[in-house]
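Have a look at the structure below before the remarks.
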Amino acid sequence: MTSARSRAGVSFKIFGSSKTKMATNQLKRYFLNKMIDFDDAQLSKYQMTKDVLKKKVLEIINRIFDRQRTSVHECDGGLYVGITGVAYMCYYVGLREAFDSYRFDWLEKAEDYLNKVIAYIEHPRYRGEISLKSSFLLGNAGIYSTSALVMNELGEKERYDTYINNFARLACVMLPINLLKNGSDEFFVGRAGYICGALNLNRHLKKEIIPLEHLHELCKSIVHSGRRYAQEHQSPTPLMYAYYDTEYIGAAHGISAILQMLIATPNFLDNHPDMEEDIKATVDYLVSLKLPSGNYPCAMDEVDSPRPEQEELVHWCHGAAGIVYLLARAFLRWHEEKYLQACLDCGELLWSRGLLRRGPGICHGVAGSGYVFLMLYRLTHHTKYLLRAHAFASFLFTEEFKRARTPDSPYSLFEGLSGTACFLADLMYPEKAAFPFFNVFD
Ligand SMILES: [Zn+2]
């Protein structure tokens with residue numbers, strides 16, 4: 010979900026709040042996890058071998074190639090639900106050793122998708138909103154960074170340089186605190202997304218493509234923006250942000266992904282101790298918002314009037330499945346037990362309520378829940394989490410899951426099967442697995 014309107018739609022229009030409706034809601038939001046009380050030995054039967062996973066990934070990718078359309082409509086949506094995201098999946102899954110022999114074909118497929126997108130956004134008649142021109146997840150920043158990664162692998166030096174320069178130029182564009190009317194700091198269209206894209210480029214290309222000084226300037230803009238907003242609105246925290254007038258908490262448009270990117274930017278906290286203090290105080294406040302279920306409110310306006318537990322959203326976009334990455338970052342930075350405990354609580358919540366009916370994707374689907382277990386496995390090295398990730402992966406291939414909803418963009422990276430392919434490929438290499446763009450271990 011990406012807007013205040015859609016959150017309100019999900020929480021207040023479709024579902025009521027009476028007890029009878031709550032029982033129905035529970036069934037509407039997620040499938041009951043029948044493996045809930047299983048121990049490791051019982052869970053082991055869901056473990057898939059690398060060969061089986063490889064076969065599943067290949068089936069899914071072939072299905073995507075057969076069915077993904079490439080009309081103008083599909084050029085919109087960026088990495089999130091557009092064909093740019095499908096191209097990123099081709100690149101990302103192709104990096105794994107098991108897919109060496111497919112790698113080049115998939116990169117060429119990615120190039121085909123990206124050629125269409127680039128032609129679309131560079132056409133003189135393209136009227137992309139200003140917010141999309143600098144946006145990582147929905148717009149041009151994501152398109153240029155994905156294109157640069159693919160061209161680098163294909164050895165297309167000239168095109169690689171062009172896209173890197175196009176991406177790099179946006180770093181200055183994004184500096185002004187009030188760049189966008191409805192919020193300039195969040196992950197989809199704002200500075201947090203751009204920083205994430207830049208760090209991803211630096212990591213994949215193994216050099217400082219976007220100099221850290223530039224990223225630190227952007228981080229400072231984020232902190233100044235958050236301080237100013239918090240003061241003007243008398244927020245309970247040193248930093249606060251809004252997107253379309255809603256103070257979101259989750260990863261999609263909320264403060265959790267913003268803080269996560271500040272912590273992730275190398276040396277930023279070390280060089281700015283006063284800012285680190287504000288960031289940590291804000292993270293501590295968010296931890297204090299943990300609901301009895303282990304989940305978190307969608308936005309600050311729900312803190313004093315929480316929705317009934319069965320109507321909570323347990324998604325990457327809104328909820329524990331996205332906030333857990335901030336909590337893990339906080340634990341790895343400050344080493345306090347409460348952050349780890351909050352991560353583990355997210356894991357238990359996802360185990361009971363993460364078999365989402367909204368499809369196989371990573372934003373608000375089963376693969377997004379499965380990724381939480383892969384992260385917890387890397388964080389704790391407990392086999393339990395790896396087995397739970399396998400259990401969720403195998404659920405995707407059951408008869409029961411056929412009753413899940415088909416997402417609006419069924420082959421996309423965040424809502425559809427491209428994200429599922431990434432999850433299953435990551436499950437083959439759990440020691441390196443990470444939710445796309447949210448690797449907390451780098
Ligand atoms: Zn979502």
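Just so you know, the numbering used here puts 333 at position 324 of the sequence shown, and the rest follows in order with no gaps.
Idealized CB from N, CA, C, for every residue including glycine.
Scanning its chain for C-beta atoms nearer than 7 Å, with the 5 sequence neighbours on each side dropped, one finds around V66 the residues V102, A430, L433, A434, in chain order. Excluding five sequence positions before and after I173, the CB atoms of its chain that fall closer than 8 Å to its own CB belong to Y153, A157, L210, I218, given in chain order.
Assignment of T79 by DSSP, reduced to helix, strand and coil, places it in the coil class. Counting C-beta pairs with one atom in each stretch, the segment 167-182 and the segment 236-253 have fewer than three that are closer than 8 Å, which means they do not touch. V126 sits away from S427, with the two beta carbons spaced by 7 Å or more.
Every alpha helix (DSSP H) stretch that sits fully inside the segment 372-399 and reaches 4 residues is listed by chain position as 375-389. Distance check between F277 and each of K299, Y250, L221 places L221 closest, using alpha-carbon atoms only. Only residues of its own chain outside the window of five on either side were considered, and among them A434, M437, Y438 have a CB closer than 7 Å to the CB of R105, listed in chain order. Secondary structure in the segment 69-122: the alpha helix (DSSP H) runs of 4 residues or longer, each lying completely within the stretch, are 81-84, 87-90, 92-103 in chain order.
For L365 against V375, the beta-carbon gap comes to about 6 Å, under 8 Å, which counts as contact. R178 has its alpha-carbon roughly 13 Å from the corresponding atom of L227. Distance from the CA atom of T155 to the CA atom of D121, rounded to whole angstroms, is 13 Å. In this structure, DSSP gives A260 a state outside helix and strand, which the three-state scheme calls coil. Where Y169 is concerned, the enclosing alpha helix (DSSP H) starts and stops at 166-182. With a cut-off of 8 Å on Cβ pairs, the segment 51-70 is in contact with the segment 394-413, counting three or more such pairs.
The beta carbon of S140 sits closer than 7 Å to the beta carbons of L189, V198 from its chain, once the five residues preceding and following it are set aside; these are given in chain order. Taken through DSSP and simplified to helix, strand or coil, A251 comes out as coil.
A direct Cα-Cα distance of roughly 20 Å separates I92 from R367.
Between the segment 327-335 and the segment 278-291 there are fewer than three C-beta pairs closer than 8 Å, too few to call the two in contact.
Counted as a single uninterrupted DSSP element, the stretch harbouring S314 is not any alpha helix (DSSP H), since DSSP gives it neither H nor E.
A Cβ-Cβ distance of about 35 Å is found for the pair V81 and Y39, leaving them out of contact under the 8 Å criterion.
If you draw a straight line from the Cα of G263 to the Cα of C181, it comes to about 23 Å. Shown here, L365 sits in a strand according to DSSP, grouped into three states. For H132, no alpha helix (DSSP H) encloses it, and the DSSP letter there is neither H nor E. By the Cβ test, the segment 383-392 is not in contact with the segment 410-421, since fewer than three Cβ pairs between them sit closer than 8 Å. Remark: the shortest separation between the CB of C431 and any heavy atom of ligand 1 does not fall under 6 Å. Between the alpha carbons of L208 and T274 lies a gap of roughly 7 Å. The beta carbons of G87 and G192 sit no closer together than 7 Å.
Sequence-distant partners of A119 (beyond 5 residues in either direction) whose C-beta falls short of 7 Å from its own C-beta, in its chain, are A96, C99, Y100, V159. Assignment of Y39 by DSSP, reduced to helix, strand and coil, places it in the strand class. The continuous alpha helix (DSSP H) containing P282 extends over residues 282-297. Per DSSP, reduced to three states, the secondary structure at L405 is coil, with no helix or strand assignment.
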